[in-house]
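A.B. asks: Could you have a look at this structure, given as C-alpha cells, before my questions?
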Amino acid sequence: MASKADYIAVIDSGVGGISVLRKLVQLMPQERYLYFGDSANAPYGTKPAAQVQAMTEATVERLMKRGIKALVVACNTATATAIELLREKYPDFIIVGIEPAVKPAILQHPEGAVGIMATPVTLQGEKLEKLLRMFPHSNIHKIPAPGLVELVEAGLANSPQMDEFLATVLGPYVGKLDALVLGCTHYPFAIPAIRRMMGENTDLYDGGAGTALQTRRRLEAAGLLHDGPGCVVFENSLEDPTIINLCKSLLTEAHYG
Ligand code: DGL
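Just add 3 to the spot in the sequence shown (first one is 1) and you have our numbering.
Structure, rendered in C-alpha cells:
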C-alpha cells in the first residue's frame, strides 16, 4: 500500500481546486492525489488576507506532518496571500501555486480589453499588481465576483441562480471584453453559465493547465514522477458526505470543457 509520502497534495478553500485537479489527472493519471478542500472556512476570498494566510498555513502544516511528496496550492487566493511564506518555511519542498492566467490573455490580446474576474483578496493583492505592472498599457478590467464561490460550493455552478448572479457581475461587460481571465479555481465550473452570459466572442483563460504542467516539470526534475497506478483521495474540513460526493462529481462529470 502507498504511504502518504507518495501523494501530491492539492489544496483549496473548498471544491474549486478540483478544476486544477482535473488538469493534473489528465496530464499525470499515474500519480496519487490527496485533495483537501477547506469548505468549512470557504469562501477565503472575502476574508482578511492575514486570516487566509493563517488558514492556508495551518492546512499545509497538517499535510506536511502526514508526509506528502509535493504541494499544489490550487487556490489563487491562498497563493496570493501565503505562497511566499510557504516557500520560506519549506524551502526544499516542491510547492506550485496557481495564479490568474493574465499573461497568456494579454499576450494573445495585446490591443484588446481583458477582464480579470477573481476574489476581492486576489484582486487587491500585491502579487497581481506586480504582474499587471509588466503590462502598463493594457486595457484591464478587474471584476470582483464575491458570491460565485458559494454557488459552486452549493452545487449550483450551472443553474438559474448562477445565471442570475452572473447577470449582475458580468452584465456590464457583455460585448466589451476580448478575453476574460477566470482568476479563481471555482470559476471554471461556471463556464457553461459564463458562456451563456458572454457569448462566444470572449476568450476564456484559466491557470489550471499551466499549473499542472509546472507540477509535472518540478516532479520530473526531482525524479519524483510515479508510474502508476494512480488514484484520488478526497478530504474536506466539512464532515459531510454531501461535499465529498460533490467533489467526486466535479472531478468526473463533464461540467465544463
Ligand atoms: N478557489 C479559490 C481561488 O482560486 C478561493 C475562493 C474563495 O474561497 O473565495 O481563489
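Every residue, glycine too, gets a C-beta built ideally from N, C-alpha and C.
Keep in mind that this is a model prediction, so the values were computed, not measured.
How many whole angstroms separate the CB atoms of Thr80 and Glu102, which I take to be in contact at a CB cut-off of 8 Å?
C.D. replies: As a position in the sequence shown, residue 80 is number 77, starting the count at 1. As a position in the sequence shown, residue 102 is number 99, starting the count at 1. The pair is not a contact, with the Cβ atoms about 11 Å apart (cut-off 8 Å).
A.B. asks: Measure the alpha-carbon distance for Glu156 versus Val172 and round it to whole angstroms.
C.D. replies: Within the sequence shown, residue 156 is the residue found at index 153, counting from 1. Within the sequence shown, residue 172 is the residue found at index 169, counting from 1. Going from the Cα of Glu156 to the Cα of Val172 covers about 18 Å.
A.B. asks: Which of the three DSSP states, helix, strand or coil, is assigned to Ala43?
C.D. replies: The residue labelled residue 43 in the question sits at position 40 within the sequence shown. Ala43 falls in the coil class under three-state DSSP.
A.B. asks: Spell out a yes or no on whether the region 59-76 and the region 84-100 are touching, meaning 3 or more CB-CB pairs, one atom from each, closer than 8 Å.
C.D. replies: With the cut-off at 8 Å, the region 59-76 and the region 84-100 touch.
A.B. asks: Considering only heavy atoms of the ligand DGL, does any lie closer than 8 Å to the CB of His112?
C.D. replies: Here residue 112 is taken as the residue at index 109 of the sequence shown, counted from 1. Flag unset: Cβ of His112 not near the ligand DGL.
A.B. asks: Between which two residues does the alpha helix (DSSP H) carrying Asn79 extend?
C.D. replies: Numbered from its first residue, the sequence shown carries residue 79 at position 76. Start and end: Asn79 to Lys92.
A.B. asks: Between which residues of its own chain and His189 is the CB-CB distance below 6 Å, once the five residues before and five after are set aside?
C.D. replies: Here residue 189 corresponds to residue number 186 of the sequence shown, with the count starting at 1. The residues are Gly19, Val152 and Val155.
A.B. asks: Quick check on the DSSP output: the alpha helix (DSSP H) that includes Leu74 runs from which residue to which?
C.D. replies: Residue 74 sits at position 71 when you count from the first residue of the sequence shown. No alpha helix (DSSP H) holds Leu74; the beta strand (DSSP E) holding it covers Ala73 to Val76.
A.B. asks: Given 8 Å as the limit, tell me if Asn239 has its C-beta closer than that to any heavy atom belonging to the ligand DGL.
C.D. replies: For this step, residue 239 is matched to residue 236 along the sequence shown. No, the beta carbon of Asn239 sits no closer than 8 Å to any heavy atom of the ligand DGL.
A.B. asks: Going by C-alpha distance, which of Asp181, Pro191, Gly213 and Thr218 is nearest Gly202?
C.D. replies: Translated into positions along the sequence shown, residue 202 becomes position 199. It is Asp181 whose Cα lies nearest to the Cα of Gly202.
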